[in-house]
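Chemist:
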Amino acid sequence: MKIIAIVSAKGGVGKTTVTATLSTALRYRGHRVFTADLDPQNALRFHFGISPQEIKGISRASLAGQPWAETCCQSPSGVVVLPYGSVNESDRESFENLLDEQPTWLRSQLDTLGLDDEDIVLLDTPPGPSVYMRQALTTASVVVIVTLPDAASYATLPMMEGLVQTYCTRRPNFSSYSYVINQVDNSRQLAKDVVQVMNANFGDRIIGLIHQDPSVSEALAYDKSVLDYDVRCQATQDFVNCAERLSGLIQYAGHPL
Amino acid sequence: MLSLKIWDSRVVRWMAMLVATALFGLVVTVPLDLYQQLGFAATGFIVALVLSKTGSRLGTLAMMVLSVAASLRYMYWRVTETLGFETALDTFFGTGLLLAELYALIVLLLGYFQTAWPLERKPVPMPSDMTQWPTVDVFIPTYNEPLEVVKQTVFTALALDWPVDKVKVFVLDDGRRDEFREFCEDVGVGYVTRDNNRHAKAGNINAALQVTDGEFVAIFDCDHVPTRSFLQVTMGWFMRDARLAMLQTPHYFFSPDPFEKNLETFRAIPNEGELFYGLIQDGNDLWNATFFCGSCAVIRRGPLLEVGGIAVETVTEDAHTALKLNRLNYNTAYLAIPQAAGLATESLSGHIGQRIRWARGMAQICRVDNPLLGRGLKLGQRLCYLNAMLHFFYGLPRLIFLTAPLSFLLFGAHIFQASAMMITAFALPHILHASITNSRIQGRFRHSFWNEVYETVLAWYILRPVVVAFINPKLGKFNVTAKGGVIDESYFDWTIARPYIILLLLNMVGFGAGAVILLNGGSLEPITVIINLFWTFYNMVIASASIAVASENKQIRLAPRVAAQLPSTVRFANGRTIACETQDFSQTGLGLTLPANMEVPMGEKVQVSIFRNREEGVFPAVVVFNRNNRLGVHFENLNVKQQVELAQLTFARADTWANAWGNGVRDTPLTALKTVVRIGFKGFGLFFKHLYSMATAPRHTRRASAPKLDTGDK
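These protein sequences, in sequence, are chains G and Z.
FYI, the numbering for the first sequence is 0 to 256, going by numbering that gives the first Met the number 0.
FYI, the numbering for the second sequence is 0 to 713, going by numbering that gives the first Met the number 0.
1) Check whether the Cβ atoms of Z/Gly-293 and Z/Glu-259 lie closer than 9 Å to each other.
2) Just to confirm the assignment, what range does the alpha helix (DSSP H) spanning Z/Leu-398 have?
3) Determine the direct distance from the alpha carbon of Z/Gln-353 to that of Z/Asn-478, and round the result to whole angstroms.
4) Can you list, in chain order, the residues of its chain with a C-beta nearer than 7 Å to that of G/Pro-102? Leave out the 5 residues immediately preceding and following it.
5) Pull up the distance between the alpha-carbon of G/Tyr-221 and that of G/Cys-72, whole angstroms please.
6) My understanding is that Z/Thr-576 touches G/Asp-212, with C-beta atoms under 8 Å, so please give their C-beta distance in whole angstroms.
7) Could you list which residues in chain Z have their beta carbon closer than 9 Å to that of G/Asp-212, in chain order?
8) For Z/Ser-608, go through chain G and note every residue whose CB falls closer than 9 Å to its CB, in chain order.
9) Give me, in chain order, the residues of the same chain whose beta-carbon lies closer than 6 Å to that of G/Tyr-176; leave out the 5 immediate sequence neighbours on both sides.
10) Taking a contact to mean a Cβ-Cβ separation below 9 Å, would you say Z/Asn-538 touches Z/Leu-401 in this structure?
11) Which parts of the region 518–606 of chain Z are runs of the beta strand (DSSP E), unbroken and 3 residues or longer, counting only runs that do not cross its ends?
12) Would you please verify whether the beta carbon of G/Gln-236 is less than 9 Å from any beta carbon of chain B?
13) So which of Z/Lys-377, Z/Gln-338, Z/Gly-93, Z/Ser-348 has the shortest CA-CA distance to Z/Ala-653?
14) Out of Z/Asn-270, Z/Ile-351, Z/Ile-204, Z/Val-232, point me to the one whose CA is closest to Z/Ile-309's CA.
15) Is the region 23–30 of chain G touching the region 146–156 of chain G, taking contact as three or more C-beta pairs under 8 Å?
16) Beta-carbon of G/Asn-198 versus every beta-carbon of chain Z: anything under 9 Å?
17) Starting from the C-beta of Z/Ile-298, find all residues in its chain whose C-beta is less than 6 Å away, skip the five residues before and the five after it, and write them out in chain order.
18) Please state whether the Cβ-Cβ distance between Z/Gln-564 and Z/Thr-592 is less than 9 Å.
19) Looking at the structure shown, is Z/Glu-305 part of a helix, part of a strand, or coil, going by DSSP?
20) Only counting the same chain, and skipping five residues up and downstream in sequence, which positions put a Cβ closer than 6 Å to that of Z/Leu-304?
21) With DSSP run on the structure shown, which of helix, strand or coil describes Z/Cys-183?
22) Considering only their Cβ atoms, is the gap separating Z/Thr-130 from Z/Phe-219 smaller than 9 Å?
23) Classify Z/Arg-12: buried if its beta carbon has 16 or more other beta carbons within 10 angstroms, exposed otherwise.
24) Given a cut-off of 9 Å, decide if G/Ala-24 and G/Ala-242 are closer than it, judged by their beta-carbon atoms.
25) Tell me, which residues are paired with Z/Ala-620 by DSSP?
26) Which whole-angstrom value is the C-beta distance of Z/Leu-334 and Z/Val-166, which I expect to be below 8 Å?
27) For G/Glu-100, count neighbouring C-beta atoms within 10 Å of its own C-beta (all shown protein chains included) and say buried if the count is 16 or more, exposed if not.
28) Return the first residue and the last residue of the alpha helix (DSSP H) that G/Ile-57 is part of.
29) Return the chain-ordered ranges of every alpha helix (DSSP H) run that is complete within the region 24–58 of chain Z and spans a minimum of 4 residues.
30) I'd like to know if the region 636–645 of chain Z and the region 617–625 of chain Z are in contact, where contact means that at least 3 CB-CB pairs between them fall below 8 Å.
31) For chain Z, is any of its Cβ atoms less than 9 Å away from the one on G/Asp-229?
32) Helix or strand or just coil, what does DSSP make of Z/Ser-14?
33) Measuring only the C-alpha atoms, how far is Z/Cys-221 from Z/Phe-138?
34) Is there a Cβ from chain G that is less than 9 Å from the Cβ of Z/Val-594?
35) Threshold first: 4 residues or longer. Then list the alpha helix (DSSP H) segments lying entirely within the region 51–124 of chain Z, N to C.
36) Which of helix, strand or coil does DSSP assign to Z/Arg-197?
Take a look at the structure:
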């Protein structure tokens, strides 16, 4: 089982979109892909065409003591999705307390799914430090940091790296962390400069450069992945390339604890 | 056997050399009768054919030895057995042919010497400590070329990967034009000019040497675009070898030369330059005799000043400068990696003018600074320079070969006092061995028979300048080679083609006469007539192919287009994007291949991205063409920064065009012969077509005059 945490220190960088699209792209590359939403916004499900009325998810299941397997949905592309689930405020607090008390909760839940070595799990997380992100970071073999090519996002990167240092790099089963720069528009000088600085600083750690593309948001409106919505657009090309890099990256990652 | 210890001894090596020479002398001179000679020839040829299947360099050397043996044996027989001339006419034509053959033999032998062991030098990496890197001045001399052409070179020179404080770009404007000065100020490069034009380009560079101070000088003709890696690839050898004064890289062209354009052989058959830059320069390098070719080279300033700057005594200032450096015991080097590319001359007359200059310059050097004489050169260097000079004397020998059989067919002259069978037994091995051996050595860079076409086209034109320059090196002026022009209409260059037409007509008459003799069964030996008919037919093919070269195809694009598949993106006005590939690029626009049929209105404004690894340049453009999944866009109002970026992402990247170099289809003599014959027939047809249309067109509508050939020797 290869576990990939998709994280960012700052909100609004398109993390959920990246998680969903990369899941689909990895699925199209022939992997078995599971995607778990650890974000109380519970928004990942929209990218996979799951009905807004559906309330089940991992939070509810955990509180009710149900096995995770019962909360799984399958997207049209074949990605297995585990939504966060709809919960009220007090239940959310109880759930977060549970996560706080049991640092290995996520890992033990994933182990109940009976996945094999080659299966890929992507974890979507809420922005900034949280119990969810800590669970994700302590469990993942690969971390993908999503960022925008702007000054604000760039400024938050040291904090994100600090978290990765704290929770990941010392673990023997941790493989590597990398960056995806989202919504790049190289016709703007600032974006271009930031991308250049990031290229200089992180080099090969940057596994994806996703161009700003109206097709991405249009695709969500049509309940589709951009990979299906506009096959020939630049963003699709970028996600496909990124998935290819990621696929290569995880090849040797995630040996069992 | 070669690794035996015994070879370490000097005495043993000399002894072996003596024995080998004696045996070789025996092989060359031993008299054989017809059948013995035929057997000898057949054996040698079979061995050569077997060797030609092996891949080793030793095999190539062995083939050279066989070829030299066959040729020397032929020449020995030729001189001792075939010269019993009876009449004055025989003596005149016969001696002429013999001299032409001797010339060809010497050039053949020197050529083997020169190309036996190409050095194939590899680049040396620069030291990792950048503070040790030397300072470089980049010179871009220009005289009358349009600013658009020069701009591109400046932009790519600005993109050279080298510490910013250690490289300066200078435009050397001998035209003293204000728009050049303004442009240089705008982009922040040096502008150098002078108040006279003495000694043309050489004088221009020398004047700039006075006002600059970089440790090295990199020189690019204003239409040669360097790749960004140029300095990093070339400078390493200077760091390693303190005596290295000059390093040359190939001249590569992304537009077809007139031969390639008019014969439609671009990228399919190696062009005239490829042999020189692919093989000959690499062979020269082994002997430390690399020629400086005026552009795409780096020179160390110290030695250059020591020889008094770029040579001004001859019109091939570049080669002469290298010779002077070699004389002072400086090294010269060649790196066979295209690191700059430029425009070929587009019309045949321009091309001929350029070659005339080279030929004249070499003849001048031969007189004023003869490489065989004078101090400071090693034997290998002398021979390499000698071959380069002798090469340009091919005019007369080539014309003799093209007309030799006529003296027999038309005048009945017996220029060859031997039976047809004996000629076959001796001459055929000489020709065949030379042919397969050269094909083996040159196959990647020159196809068989093509040098005959190249030389025939030029023979008449270089004959006089070479002779004039040889007699009086001071005669003749410098003529620049104009480039970047437009040929708006296809036409046939009657002026240029005249010599080949005369050659063709003469050979046709000869062929007719020969056919009549053969049918009437006169007193002449039929086999001799047939041999001469074959020779005449071959000459007709070569002359016709030369005529085909003179039929100018139109060239409508001012800016050269380079075919290259680069990843790119088009962003349309509504924000929609499409990931695609370029088909070609130019300074002014792109051709793109779209994934499928798309409705894109003409005139739509788009943004086009071009990628190079992690880099992306975004350029505003307008759609000017859309058909069959092909989109043509024209850039709109690029600012200077964007133009530099565009140059970096297109012309300055070597991965787009240099891959083709030296990787073409290898030569096979029979295929090459077929191609040449086909082009010959095409030229033959073209000649009569043009003749017909000229005869039927009313006089006043005829093209007034083709571009006049400026040979510069008036």
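From the three backbone atoms N, C-alpha and C, an ideal C-beta is built for every residue, glycine too.
These figures come from a predicted structure and were not determined experimentally.
Modeler: The short version:
1) In the second sequence, the residue the question calls residue 293 of chain Z occupies position 294. In the second sequence, the residue the question calls residue 259 of chain Z occupies position 260. Cβ atoms of Z/Gly-293 and Z/Glu-259: not closer than 9 Å.
2) Sequence index remark: in the second sequence, residue 398 of chain Z carries index 399 (1-based). Note, Z/Leu-398: alpha helix (DSSP H), 394–408.
3) Along the second sequence, one-based indexing puts residue 478 of chain Z at 479. Along the second sequence, one-based indexing puts residue 353 of chain Z at 354. Residue placement at Z/Asn-478 cannot be trusted, given a pLDDT of 49 that sits under 50; what the coordinates show is reported in the next sentence. If you take the alpha carbons of Z/Asn-478 and Z/Gln-353, they lie about 8 Å apart.
4) Mapped onto the first sequence, residue 102 of chain G falls at position 103. Excluding positions up to five away in sequence, the list reads Thr-137.
5) Residue mapping note: residue 221 of chain G aligns to position 222 of the first sequence, counting from 1. Residue mapping note: residue 72 of chain G aligns to position 73 of the first sequence, counting from 1. Roughly 19 Å separates the two Cα atoms.
6) Residue mapping note: residue 576 of chain Z aligns to position 577 of the second sequence, counting from 1. Residue mapping note: residue 212 of chain G aligns to position 213 of the first sequence, counting from 1. The pair is a contact, with the Cβ atoms about 5 Å apart (cut-off 8 Å).
7) Within the first sequence, the letter at position 213 stands for residue 212 of chain G. What G/Asp-212 touches in chain Z: Arg-570, Gly-574, Arg-575, Thr-576.
8) Translated into positions along the second sequence, residue 608 of chain Z becomes position 609. Result: Asn-185, Ser-186, His-210, Gln-233.
9) Taking the first residue of the first sequence as position 1, residue 176 of chain G is located at position 177. Contacts found: Val-142, Val-163.
10) As a first step, residue 538 of chain Z must be located in the second sequence, where it is residue number 539. As a first step, residue 401 of chain Z must be located in the second sequence, where it is residue number 402. Cβ atoms of Z/Asn-538 and Z/Leu-401: closer than 9 Å.
11) 566–570, 576–584, 588–592
12) In the displayed structure, chain B is absent; the protein chains listed are G and Z.
13) Residue 653 of chain Z sits at position 654 when you count from the first residue of the second sequence. Looking at the Cα atoms, Z/Gln-338 is the closest of the given residues.
14) Counting from 1 along the second sequence, the entry for residue 309 of chain Z is found at position 310. When only C-alpha atoms are compared, the closest one is Z/Ile-204.
15) no
16) Walking along the first sequence from the start, residue 198 of chain G turns up at place 199. Yes, its Cβ sits closer than 9 Å to a Cβ of chain Z.
17) Counting from 1 along the second sequence, the entry for residue 298 of chain Z is found at position 299. The answer, listed in chain order, is Val-216, Met-245.
18) Taking the first residue of the second sequence as 1, we reach residue 564 of chain Z at position 565. Taking the first residue of the second sequence as 1, we reach residue 592 of chain Z at position 593. Taking 9 Å as the Cβ cut-off, Z/Gln-564 and Z/Thr-592 qualify as a contacting pair.
19) Taking the second sequence and counting its residues from 1, the one referred to as residue 305 of chain Z is at position 306. In the structure shown, Z/Glu-305 sits in a helix (DSSP, three-state: H, G or I).
20) Working through the second sequence from its first residue, we reach residue 304 of chain Z at position 305. Excluding positions up to five away in sequence, the list is empty.
21) Reading the second sequence from its first residue, position 184 is the one you call residue 183 of chain Z. Note: Z/Cys-183 maps to helix in three-state DSSP.
22) In the second sequence, the residue the question calls residue 219 of chain Z occupies position 220. In the second sequence, the residue the question calls residue 130 of chain Z occupies position 131. No; because the gap between Cβ atoms is not below 9 Å, this pair is not in contact.
23) For the purposes of this step, residue 12 of chain Z is taken as the residue at position 13 of the second sequence. By the 10 Å Cβ count, Z/Arg-12 comes out exposed.
24) Residue 242 of chain G sits at position 243 when you count from the first residue of the first sequence. Residue 24 of chain G sits at position 25 when you count from the first residue of the first sequence. Cβ atoms of G/Ala-242 and G/Ala-24: closer than 9 Å.
25) Numbered from 1 along the second sequence, position 621 holds the residue referred to as residue 620 of chain Z. DSSP lists Z/Val-605, Z/Phe-634 as partners of Z/Ala-620.
26) Within the second sequence, numbered from 1, the residue matching residue 334 of chain Z stands at position 335. Within the second sequence, numbered from 1, the residue matching residue 166 of chain Z stands at position 167. Not quite, the Cβ-Cβ distance comes to about 19 Å (not below 8 Å), so this is no contact.
27) On the first sequence, residue 100 of chain G is found 101 positions in, with the first residue counted as 1. Answer is exposed; the Cβ neighbour count stays below 16.
28) What you label residue 57 of chain G is simply residue 58 of the first sequence in a count that begins at 1. Residues 57–63.
29) 33–52
30) yes
31) Taking the first residue of the first sequence as position 1, residue 229 of chain G is located at position 230. So, interface residue.
32) By 1-based counting over the second sequence, the position of residue 14 of chain Z is 15. At residue 14 of chain Z the sequence reads Met, which differs from the Ser that was named. Note: Z/Met-14 maps to helix in three-state DSSP.
33) Within the second sequence, residue 221 of chain Z is the residue found at index 222, counting from 1. Within the second sequence, residue 138 of chain Z is the residue found at index 139, counting from 1. Approximately 9 Å between the Cα atoms of the pair.
34) Residue 594 of chain Z sits at position 595 when you count from the first residue of the second sequence. This sequence places Pro at residue 594 of chain Z; Val is not what is there. So, interface residue.
35) 56–80, 87–114
36) Your numbering for residue 197 of chain Z matches position 198 in the second sequence. Here Z/Arg-197 sits in coil by DSSP.
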